[in-house]
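K.L.:
Mapping to numbering that gives the first Met the number 0: the sequence shown position 78 is 77, numbers consecutive. C-beta: ideal position from N, C-alpha, C; glycine also. Predicted model, so just to flag it, every value in this text is computed and none were measured.
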Amino acid sequence: MIKYKIDVIKALEGIKINTTVARKSGIFGQDTMKKFRNGDTRISLDVLNRLCCLLKMQPGDIVEFMEEEEDREKIITKICEK
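1) How would you write the range of the beta strand (DSSP E) that F27 sits in, first residue to last?
2) What residues in its chain sit with their C-beta under 8 Å from that of L47, if we drop five residues either side in the sequence?
3) Tell me the residue span of the alpha helix (DSSP H) that contains I61.
4) Tell me the DSSP secondary structure of I5 in three-state form.
5) Under 6 Å Cβ to Cβ from E66, same chain only, skipping five residues before and after it: list those, please.
6) Given a cut-off of 8 Å, decide if F35 and I8 are closer than it, judged by their beta-carbon atoms.
Below, the structure is given as structure tokens:
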């Protein structure tokens, strides 16, 4: 499972970007900001690119893969079945 390594909302607030600024500027929509707030990593690569640009970070500084048993069951076992 992909998880955030940082608190995205706190990092954005550190550079003076809150929900209102993000929405008004068009950087991130309300739904995307809600995903950040809830730890939902189902974002597009375009959104990740914008985060990297704004926060001056690499993708690996923002998110990480942490394997969970559920991942193995959903993904790996499907390959083994064929």
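P.N.:
In short, the structure shows the following:
1) Element bounds for F27: n/a, residue is neither H nor E.
2) Within the same chain, and ignoring the five residues on either side of L47 in sequence, the residues whose Cβ sits closer than 8 Å to its Cβ are P58, I61 and V62.
3) I61 -> alpha helix (DSSP H) spans P58 to I61.
4) coil
5) none
6) Their beta carbons are under 8 Å apart, which means I8 touches F35 by this criterion.
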